[in-house]
Every structure is written in structure tokens, then in C-alpha cells.
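Reading through the C-alpha cells given below for one structure.
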Amino acid sequence: MKKRLGAAILILFIALSTVLAACGSDKNENASKGNEGSASPGASAPASAGTGDDAGGKDAEPFTVSLRHIQIGEAQKFRKAILDDVVKKTEAEVPGLKFELDGVEDQVNRFTKLPAEMAAGNPPKIFDLFGGAGDALKYAKAGRLLDVTPIIEELGIADKFLNLSQFTLDGRVYGLPIGGSTEGFFYNIPMFEKYGIKVPTTLEELEAAAETLKQNGITPFAMGSKAAWVPLMMVNTLIGRYAGPEAIDGFPAGTHAWNSPEVTAAFAKYEEWVKKGYFTKGELGLEYADMLNQFVTGKAGMMFDGSWRASVFKDPSQAGELTGQVGFFPMPPVPGGKGDQTYVNGNYSNGYGFSADLNERELTAVKAFIKNMYNEEMQLRGLLEDGVLPSMKLSGDALGKVEDPLVKQIMETMRRAGGAFSHFDSTVHSEVYKESEAQIQRLIAGRATAAEVTEALQKIQEIANANQ
Amino acid sequence: MLLKRVVPHAVLLAYVAAVLFPFVFVLFSSLKGSNVEIAADPFGIPKTWHPENYLEAWVKAKIGVYFFNSVYLSFTSALTAALLSAATAFAIIRMRYPRIGRWIYQTVLIGMFIPGNVLFIAQYLLVMNLGVLNTHWALFLPYTAGALPLGVLLLAAFMKSLPGELEEAAIMDGLSSAGLFAKIVLPLTLPALVTVFIVNFLGAWNEYLLANFFISKDALRTLPTGMVGFRDAFRTNYALICTGIVYSVAPVLLLYAFLQKQIIEGMTVGSVKG
Amino acid sequence: MKHPMRNPWIYTLFTVPTLLLYGMFFLWPMLSSAYYAFTDWNGLENYRYVGWSNFAAAFGDPDFRRAIVNNLIFIGFSIFVQIPLIVLFALLIASVRRLRGFYKTTVFVPSIVSTSVIGILWGFIYEPEVGPLNRLLALFGAGPVYWLAEPKWALPAVLIANAWQWMGFYIVLVLAAILAIPRELHEAAVVDGANGWQRELNITVPLIMPLISVVVMLSIAGGMRVVDIVLVMTKGGPVGATEVMASYMVNEAMGINPNYGFGTAIALIIFAFALLLTSLYQLTFGRRTEGGYF
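Residue numbers (the numbering used here), protein chains in the order written: chain A, 29 to 496; chain B, 6 to 279; chain C, 2 to 295.
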């Protein structure tokens with residue numbers, strides 16, 4: 029009797045635990061299988077959904093759509109304001125709609141939350157997404173992203189985008205870039221005047237400027253390399269200069285190698301500047317926000333960053349004394365560099381993606397969101413209020429409205445460039461990018477030489493290319 | 006002679022100062038006006054007091070939300086764990102199924118040997134599969150489950166020491182075992198229950214790893230994750246960060262001020278038994 | 002009539018929920034870890050069985066080997082630096098008559114605060130320009146030390162923060178044992194002419210050895226468990242200087258390229274290490290078993 033009770037309890041609990049846990053995995057599979065099912069009724073019955081909503085008007089049942097964004101913190105407040113306006117407008121247009129905003133830090137969303145949610149099959153309905161092989165295209169291949177090609181064709185904006193390549197897989201578009209950016213040098217105008225530094229147009233001038241600043245106790249280049257993507261911005265542009273713009277796409281294509289002399293030269297130049305002490309001391313402990321702080325408080329004279337940072341410098345509460353006193357110039361041509369040295373870095377890789385798992389009403393909401401977010405008005409607002417370059421074509425009139433001298437300088441830089449090359453973080457496989465993060469920090473810490481770094485990267489690249 | 010009396014105190018006071026200085030420093034910094042002032046005079050009392058930092062932090066860091074989540078989660082998981090442990094301890098110690106009881110005890114004992122983070126990924130996958138990721142269940146269930154081994158152990162030890170006559174008398178009076186548990190045993194084990202509750206409450210309150218990865222919705226976040234997020238968002242505003250630290254630490258210190266005996270006892274006894 | 006204490010329904014009711022929760026969140030994860038560790042599941046595609054390659058990859062990765070060493074350093078620091086200090090302070094507190102409660106209460110405080118908050122707190126203390134530590138050094142003319150940015154300083158910095166958090170806990174633990182020693186032993190020794198230090202060394206310390214043994218075991222377990230403070234202060238950097246096995250696991254499984262198969266393999270390695278070290282300690286120094294009720 030006792031034995032049977034004991035055995036019963038034992039079997040009961042093991043069985044229950046196993047069943048519960050396994051049941052959960054079944055539920056997950058059913059959910060993902062169900063995706064294909066739910067998408068078609070939604071697409072094939074827009075008419076009924078449309079009339080239903082219009083007729084339903086005030087009586088429409090409320091529903092929420094989760095919206096993940098990265099506009100948290102002071103520096104992002106202008107972008108957040110634009111997002112809020114789009115949200116409000118869309119909610120007013122779709123009866124019963126309520127957006128549930130979830131703000132997460134950029135890197136956390138891109139590298140921790142979203143990958144995990146994609147794996148679990150339950151990403152938010154609308155979310156901030158990066159383009160490229162390691163992000164959007166990876167998820168698109170796994171069927172997690174909504175194909176927005178029909179939507180943008182219906183809205184007539186399909187050909188208005190400047191560059192959709194990083195969100196396009198097999199001719200279908202899976203995400204929409206919200207803006208463009210270029211990475212280059214911001215510089216402290218009063219400081220340059222004080223030390224008689226002219227805006228560098230050659231590498232020698234740049235290094236001379238750095239040397240002058242250093243002699244006067246100022247750090248030439250602000251840097252916070254705790255988050256490895258920050259130093260990689262400059263590295264990427266150096267690769268574009270030394271190895272040519274084609275190299276960036278060439279790595280995954282196998283036409284260019286990391287351990288080629290040219291790419292190694294790019295890393296070697298970076299290493300040289302590290303050794304000369306041109307970067308902030310203790311950079312490995314400083315975050316991205318600290319780098320801005322270094323520049324804004326005048327501890328550093330130049331800062332290599334993306335053009336999205338421009339809006340900070342017109343806001344006195346963030347830029348302090350440097351408000352309106354910041355200029356921009358691209359990485360100058362390097363001697364012996366391959367390819368067109370007037371090319372600049374151009375990224376159209378940050379934007380919004382949409383879950384493939386949407387019901388009819390959510391799809392309606394998404395369409396309205398796209399309509400309200402991706403139009404000339406919002407793009408212009410982004411440019412004027414936030415200094416973010418447009419990802420869609422704007423009329424000459426619209427572009428002429430820009431008054432901020434810094435933004436004008438950035439736009440002028442892009443206009444004068446022969447072309448643009450992307451950042452390799454959107455062209456190479458995740459494993460390679462991850463390795464590049466580890467390697468650049470080793471380089472900065474003096475634990476690896478440029479040659480060792482590029483050898484290691486090439487090894488991983490070859491494995492990734494073989495596994496394609 | 007006097008020296009011999011003074012030296013231990015001197016050494017100990019120095020150590021206490023080393024232990025407490027970070028807290029004092031943070032408190033002072035939280036009331037200062039700018040980073041410059043903090044850097045210039047780290048240990049000094051603020052020249053001008055800026056209590057508005059606290060309001061700013063409360064709003065910007067959404068401390069109210071995180072605080073509520075932490076309280077509610079810690080409270081419910083600690084309470085549930087205490088009650089479940091008590092019930093199980095009662096069953097295995099006092100009820101008459103000694104062999105099963107022994108077996109259950111040994112099984113639960115295994116849990117004490119597993120370091121906390123070993124199960125993290127598997128628990129993450131489990132929570133994901135159960136579909137409760139990003140809900141409070143995702144934390145409630147692992148926290149409660151994690152509190153069970155120690156709870157059962159402690160309460161079993163306590164209950165073992167209860168005199169058997171009380172039970173006999175109650176049973177004579179016609180009480181069922183459930184009634185006995187609720188009316189007699191539970192009240193008697195109250196001190197141990199409180200200890201188990203407090204230890205688990207603190208454990209859940211302070212937990213960071215699971216709270217960080219199992220919950221991404223801001224409205225559901227707990228204090229530790231919220232504080233780290235706040236620190237990352239406002240890195241360069243040190244006064245504000247210090248305010249956040251004060252917010253996180255104050256409730257715990259308050260609890261400690263009133264319940265230090267139970268807290269110390271619970272945490273230390275628990276470790277030794279384990 | 003069945004004895005109320007032999008009521009199978011109540012028994013089930015009282016034990017099954019506990020066992021269920023425990024089974025689901027302890028036993029099942031252990032089993033599923035053992036399974037996933039041999040696959041290469043990354044959450045998006047179908048996974049393949051890969052045998053021992055996850056484990057081979059882990060031990061082949063110099064960063065992981067570094068992490069193992071760091072865990073050992075944590076444990077070593079706890080045992081060889083902290084424990085003597087802990088015993089010293091406990092003895093000092095036990096030796097004074099006044100303010101004993103005050104000392105006990107205050108040193109215990111850091112151990113009840115969340116490790117993540119401690120990480121933020123000490124991150125601030127170590128701040129190179131504004132933090133009090135460098136300001137203090139500046140008073141003596143020493144240049145700013147980049148505590149968390151330089152590989153050679155980062156690990157000691159984290160070790161100190163960790164010690165700061167936990168020493169008080171162990172001090173109180175040891176204190177209780179010291180105070181449990183009957184006064185007669187000390188009094189007898191005084192009569193025999195032993196002075197303070199001789200008494201402590203020859204009576205107190207040997208008598209608290211069983212508890213010190215427990216403290217060592219707890220230190221080993223604690224050293225293997227370290228993760229929160231690393232993640233919050235340095236995320237394992239710079240360049241892996243503060244990486245421990247658990248933070249390596251978290252970064253691999255939840256980072257840019259999530260690999261749950263690899264992550265669970267690391268989890269199992271951590272578990273195996275913990276068991277190995279504890280058993281090694283038990284075998285070499287032995288321990289009188291206490292506890293257990295059947």
C-alpha cells in the first residue's frame with residue numbers, strides 16, 4: 029500500500045512535469061505552423077476587414093499592437109517625439125487600435141531581446157530592426173518577418189526608398205529603413221580655431237591635427253570601446269579607404285579577404301593611432317554615451333560617429349557649450365588606398381520590421397503605421413528635427429528647408445561623395461561580426477596585432493562562407 | 006592595557022567605515038548638483054542640497070513601476086514558497102509515510118547542490134516553451150521553485166523538533182491532518198516560516214539574472230533590472246545614478262533595520278544546513 | 002479507521018505541488034540541459050546532434066579557459082585572502098564587549114543588497130574621473146587608474162567589490178560559532194597562564210574548524226556562482242579579463258549569436274566543476290557530516 033502510493037506519486041509528478049514541459053514545446057510548434065495559416069485569411073479578406081472596421085467605428089473592439097522601439101534616453105527624444113506622433117495618428121485612423129510601446133536600448137534590442145524573441149517565435153508585432161545578413165535577412169530566411177512588398181506597392185512608396193538592399197531577400201522586402209546615416213568625424217569648431225587646425229582633407233592633415241591636439245593635452249579622438257561596435261565604425265571606414273568600397277560586400281562573397289594586405293593595413297592604421305595615444309584613455313571601460321561626453325566637455329577634439337548624432341549638437345541640454353559649434357568631415361582619402369577615395373560610408377540599415385504572425389486587424393494597423401511613418405512629411409521632420417538623413421527620396425524643396433549648418437554639412441558630404449559603402453555589420457554573417465567585436469577590443473588592449481586580428485577574422489569568414 | 010582595549014575597536018571601526026563609506030558617499034552624491042561637484046569633493050556634504058534629484062529619478066527611472074513589480078513578485082513567490090515548503094515538510098516529517106518521506110527529502114536535497122546559474126538557460130527555454138516568457142509567471146515560477154529546497158529543509162528541521170504530544174492530543178480531539186497542520190503546526194512554526202519568507206523575499210527582490218532576461222517589457226520589470234537599465238541610460242549623470250541606488254537600497258535597509266535578527270538568522274542558518 | 006496522519010489525499014495535496022514545481026524547474030531543466038548540450042540549436046533553425054563538439058569547442062576556446070581560471074581566482078581569493086580576514090574580524094568582534102551588536106549589524110549590511118546594485122555602486126566608485134577612489138588617489142598625487150578599463154586592474158577591482166559584499170556575511174557566521182564556545186574553556190586557559198593570542202589560536206580556531214570548513218564549501222559554491230556582479234560591472238571585459246564561466250555562458254547564449262546548445266554545454270561544465278571542486282575538498286580535508294534527518 030505504501031509502496032504503491034509512493035510509486036504513484038513518483039510517476040505522477042515525473043509524468044506531469046514532462047508532459048507540461050513537452051506540451052509547451054508542442055504549443056510552440058503549433059504556433060509557428062499556424063503562422064502560415066493565419067496570414068492567408070488576413071490577406072485574402074481585407075475587404076471584409078475594411079468594411080467591418082469602418083462600419084464598426086466607435087464600437088470596434090479594442091486591440092493592442094506591440095511596438096518595440098529604441099528611442100530611449102535623452103539623445104533619442106526627437107525621434108521619440110516623431111514616433112509618438114505617428115502612433116497617435118495611426119491610432120486615430122484604425123478603430124480600436126492601441127499601440128503598446130516598449131522602449132529598449134538599441135544594442136540590447138538588436139543583440140539580446142530580438143534574437144531571443146525570434147527564436148521563441150514571439151517577437152513584437154512592430155519592432156526596430158537592423159538590415160543585413162546578420163539581422164533582417166537572417167530572420168526573413170527563417171520566415172519570421174512580414175513581406176511588406178505588397179504593402180509598399182499598394183501605398184505607392186516602393187520606388188521612393190533610396191536603398192532597400194539590406195532588407196531585401198530574393199526580391200522581396202522585409203523591412204523599411206527609417207533613415208540613412210553616414211559615419212564620419214564630428215569636430216569641435218572653436219577648438220580647431222584655437223589651435224589653428226584646418227578641416228583635414230588628407231590623411232596627413234588629419235594626423236597632423238591629431239598630433240596638435242595631443243601636444244596641447246587634448247585627446248584627439250573621443251572613444252568609448254566597451255561596446256565594441258563603436259570603434260568598429262572607424263575601422264569600417266578605414267577598410268573602405270584602404271581596401272576599397274567593394275571589400276565590404278566582398279567578404280561574404282569571398283572576393284575579398286580580411287587578411288589581405290589592404291584590409292590589414294586599415295587595421296594597422298587604427299592600431300597605430302591606438303599606440304600613439306590618440307584615443308581616450310581608459311576607453312575600454314567607457315560606453316557610447318561616455319564618448320559623447322568626452323567630446324561635448326571638450327576633453328576630445330574629434331569624434332568619429334554616425335550622422336544620427338547630429339541632433340544632439342543642436343540641443344543645449346545635451347551639448348552644453350558646444351551647441352551649434354560642431355562641424356563634420358568625412359574620413360579623408362588615404363595614400364595608396366584602393367578604389368574611389370571619395371566614397372563615404374552610407375547606411376540605410378536601421379528601420380522597422382514586422383512580425384509575420386499578424387491577424388487581420390494587426391495587419392491593418394501595420395499598413396496604417398507604414399503609411400504614416402514612411403512619407404515625405406515624416407522623413408522631412410526626421411531631417412529637420414533630428415538631423416537624420418532621409419531614407420526616402422525627398423523633393424529639392426524639402427531638402428532646401430534644412431537650416432541646421434551641421435546637417436547641411438553632412439548632406440553636402442553625401443552629395444559630394446562618389447558613392448557609398450555600407451558597414452560590414454550588415455553584410456557579414458553574425459559569427460564574423462561577433463569575432464570582429466572581440467578582435468577589435470584585443471587590438472585596442474594591445475593583446476593582438478593587426479595581422480593576428482585579420483587572420484582570425486578571415487578564418488571565421490571562411491567557415492561562414494562554407495556553411496552558406 | 007588601555008591600548009589592548011582600544012586596538013580591536015580601532016581596527017573594527019576602520020573596517021566598518023570601509024563597509025559603510027560607499028553608502029554614505031552615494032547618499033551625499035545623490036544630493037549634489039553636478040558631476041563637477043561630486044568629483045571635486047567626493048566625501049563632502051553637498052554644498053547645496055538638490056532633493057529634486059529624487060523626483061527626477063523617480064520619474065525618469067519609473068521607479069514606482071519597478072518597485073511595485075519587485076514587491077508584488079517577491080511577496081507572492083516568498084509566501085507561496087513558504088506555504089508549500091511548510092506543507093511538504095509537514096507531510097514528510099509528521100505524516101506517517103516515512104519511506105516516501107525520506108525519498109522526497111533526498112530528492113529535494115539535490116536541489117541544494119545545483120549552483121544558481123547552471124539551470125538558467127534550460128529554465129529560459131522551458132519558460133519560452135511554456136509561453137510565459139515576458140510575463141510575471143516567468144519569474145514567479147522559477148523563484149518559488151528555487152526557494153523550495155531550502156524552505157523544505159529548514160522547516161523540516163524545525164518541525165522535527167516539535168513535540169509529538171501536541172499532535173496526539175489534537176488527533177484525539179478529532180482533528181484531521183489538514184486541520185492539525187493549519188491550526189496547530191503552522192502557528193507553532195511561525196518563527197521559522199517568517200525566516201523562510203524573509204530569506205526568499207530578499208532573494209527574489211535582489212535577483213538579477215533571470216529578471217533581466219526573462220522579462221523585456223518595461224512595465225513588468227523589477228528593480229534590479231530597472232536600475233541597471235537606468236544606469237545605462239543616464240551614465241553620465243552621476244547624481245541621478247546615485248539617487249537610483251538609494252532608491253534600490255533604502256527599502257532593503259529599512260527591512261533590515263526592523264527584522265535584522267530574522268534576516269541574519271535565516272541567511273546564515275540556511276547556508277550552514279545546506 | 003485510518004489514522005489521520007496516514008491520509009493519502011492530504012499527503013498528496015501537500016507534496017505534489019512542491020514536487021511538481023521542483024520537478025519542472027529543477028529536474029527537468031537539468032535533464033533538458035543534458036540533452037541540448039549535445040546539439041547546436043540556435044533557436045531559429047532545426048538543430049543537429051553534434052556529439053561532444055560543444056564541449057570540445059568550449060575547452061578549445063582560450064576565452065573560456067580564461068574564464069575557468071578567473072573562477073578559480075575568485076575561489077582562491079575567497080579562501081586564501083578573505084577567510085583569514087574573516088576569522089580575524091570575527092575574533093576581534095568576539096573579543097570586545099561593547100558595540101558587538103553594532104559591528105555585527107553593520108558588517109552584514111552589504112550582503113543583503115542586490116548584487117546588481119552593488120555592481121552599479123562599485124562601478125561608480127571605480128569611475129576614473131569622478132569616482133571617489135581615484136579622487137582619493139589624486140590627493141596623494143597618484144594618476145587616475147582606469148580600474149574597469151584595464152585588463153590588469155579589472156579583475157582585482159571586481160574581486161574587491163565582491164569581497165566587500167560577502168565578507169560581512171561570513172564574519173557573522175563565524176562569529177556565531179566563536180560565541181558558542183563555552184567560556185569555561187577560555188577561563189581554564191587563562192588560569193593556566195595562556196594569553197589572548199595563545200587562547201585564540203589553540204582553543205577558538207580549532208573549535209570553529211568545522212564551520213570554517215563550511216565557509217570554504219560556501220566559498221567554492223559562491224565562486225562558481227559569480228555572474229551578476231561581472232555582468233553589471235564589466236560584462237566580462239575588458240577583453241575577457243573578468244569573464245567567468247557563467248558570464249561566458251550568458252554572453253554565448255544570449256548574445257549576438259545565440260547558441261543554446263553551446264550555452265547548455267557550458268552550464269553542464271559549470272555544474273561538473275562545482276561538483277568536482279566540492280568533492281575534491283571533501284576528500285582532502287574531510288568533513289564530519291551533519292544534517293540529514295533519516
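Beta carbons are placed, not taken as given, at the ideal position from N, Cα and C, and that holds for glycine. Keep in mind it's a predicted model, so treat the numbers as computed, not measured.
- Between the stretch 204-222 of chain C and the stretch 175-192 of chain C, the count of Cβ pairs shorter than 8 Å is three or higher; the stretches touch.
- Annotation for residue 154 of chain B: the continuous alpha helix (DSSP H) segment containing it runs 142-165.
- Under the DSSP definition of a beta bridge, residue 94 of chain A partners with A:128.
- Pairing residue 238 of chain B with residue 101 of chain A, the inter-Cα distance amounts to about 6 Å.
- Here residue 93 of chain A is not near residue 388 of chain A, since their CB atoms are 8 Å or more apart.
- The stretch 150-160 of chain C makes no contact with the stretch 190-206 of chain C: fewer than 3 CB pairs, one atom from each, lie closer than 8 Å.
- Where residue 370 of chain A is concerned, there is no enclosing beta strand (DSSP E), because DSSP gives it neither an H nor an E.
- When the alpha-carbon of residue 416 of chain A is set against those of A:393, A:445, A:379, A:446, the nearest one is in A:379.
- Within chain C, 29, 30, 31, 33, 34, 37, 265, 268 have C-beta atoms less than 8 Å from the C-beta of residue 127 of chain B, given in sequence order.
- Among the bridge pairs identified by DSSP, residue 354 of chain A is matched with A:216.
- In the DSSP assignment, residue 173 of chain A is bridged to A:383.
- Taking a Cβ-Cβ cut-off of 8 Å, the neighbours of residue 96 of chain C in chain B comprise 13, given in sequence order.
- Around residue 311 of chain A, no beta-carbon contact reaches into chain B at under 7 Å, the shortest distance being about 14 Å.
- For residue 470 of chain A, the chain C residues whose C-beta falls within less than 8 Å of its own C-beta are 240, listed in chain order.
- Assignment of residue 209 of chain A by DSSP, reduced to helix, strand and coil, places it in the strand class.
- When 7 Å is used as the limit between beta carbons, residue 131 of chain A is near these residues of chain B: 223, in chain order.
- Beyond the five residues adjoining it in sequence on each side, residue 458 of chain A comes within less than 6 Å, by CB distance, of 162 in the same chain, given in chain order.
- With contacts defined as CB atoms closer than 8 Å, residue 198 of chain A and residue 455 of chain A fail to qualify as a contacting pair.
- Between residue 316 of chain A and chain C, the shortest Cβ-Cβ separation is not below 8 Å.
- If you check the CB distance, residue 12 of chain C and residue 153 of chain B do not come in under 8 Å.
- Not a single C-beta of chain B is nearer than 8 Å to the C-beta of residue 217 of chain A.
- Counting every other CB atom within 10 Å of its CB across the protein chains shown gives residue 491 of chain A a total below 16, marking it as exposed.
- Straight through space, the alpha carbons of residue 119 of chain C and residue 204 of chain B are spaced by roughly 18 Å.
- Cα atoms of residue 330 of chain A and residue 249 of chain A: separation of roughly 5 Å, rounded to the nearest angstrom.
- Here residue 469 of chain A really is in contact with residue 253 of chain A; their C-beta atoms are around 6 Å apart, less than 8 Å.
- Residue state for residue 147 of chain C is assigned as coil, using DSSP reduced to three classes.
- Only exposed fits residue 280 of chain C, as fewer than 16 other CB atoms lie within 10 angstroms of its CB.
- The CB of residue 459 of chain A comes closer than 8 Å to the CB of 258 in chain C, given here in chain order.
- The three-state reading of DSSP puts residue 146 of chain A in helix, counting H, G and I together.
- Taking a C-beta cut-off of 7 Å against chain C, the contacting residues of the stretch 472-486 of chain A are 473, 475, listed in chain order.
- Three or more Cβ pairs closer than 8 Å define a contact, and the stretch 96-105 of chain B falls short of that threshold against the stretch 98-118 of chain A.
- Under the Cβ distance rule, residue 105 of chain A does not count among the residues neighbouring chain B, no pair being separated by less than 8 Å.
- In terms of Cα proximity to residue 163 of chain C, the closest of C:121, C:136, C:69 is C:121.
- In terms of CA proximity to residue 99 of chain C, B:14 leads the group B:251, B:14, B:255, B:265.
- Among the bridge pairs identified by DSSP, residue 334 of chain A is matched with A:211.
- For the C-beta of residue 255 of chain C, the chain A residues within less than 7 Å are, from N- to C-terminus, 140, 144.
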